[in-house]
Amino acid sequence: MSEHYLFAAVLVLAAGNLLTRAVPFLFFARHRPPGWVLFVERNFPPVILTILIFYTLEGVDFTRVPYGLKEISAISVTMALHAWRSNYLLSIFGGTAFYMLLVQTSP
27 MSEHYLFAAV LVLAAGNLLT RAVPFLFFAR HRPPGWVLFV ERNFPPVILT
77 ILIFYTLEGV DFTRVPYGLK EISAISVTMA LHAWRSNYLL SIFGGTAFYM
127 LLVQTSP
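Taking our numbering, the leading residue of the sequence shown gets 27, the next gets one more, and so forth.
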């Protein structure tokens, strides 16, 4: 009996996943996206980068060793990646991965 519930749950989740992926294409197929969608598309990546910078610098004591060296280097890597490729996803994920690597491997 539980196998039927599991199968039904997988079907519902698959339908929901397909629906969430298909609706934007169906909704915006012949129409220009609304202004708020264009606004979010244009401004969301810089906002995410700014939030990540504030998150990274939160609680950093620049008066004690290592003087925020991990954080500043991670921000520098993020800036370098963005200057190199001008790709927000590469910058955000690359910089975050570099910062997490530094945080996890440093004593």
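Glycine included, C-beta positions come from ideal geometry on N, C-alpha and C.
DSSP, reduced to helix, strand and coil, places N113 outside both helices and strands of the structure shown, so it counts as coil. In terms of CA proximity to E97, T82 leads the group T82, A109, T104, F88. Residue environment for S102: exposed (fewer than 16 other C-beta atoms within 10 angstroms of its C-beta). Boundaries for S132: no alpha helix (DSSP H) harbours it, and the DSSP string shows neither H nor E there. L107 places its beta carbon less than 8 Å from that of L116.
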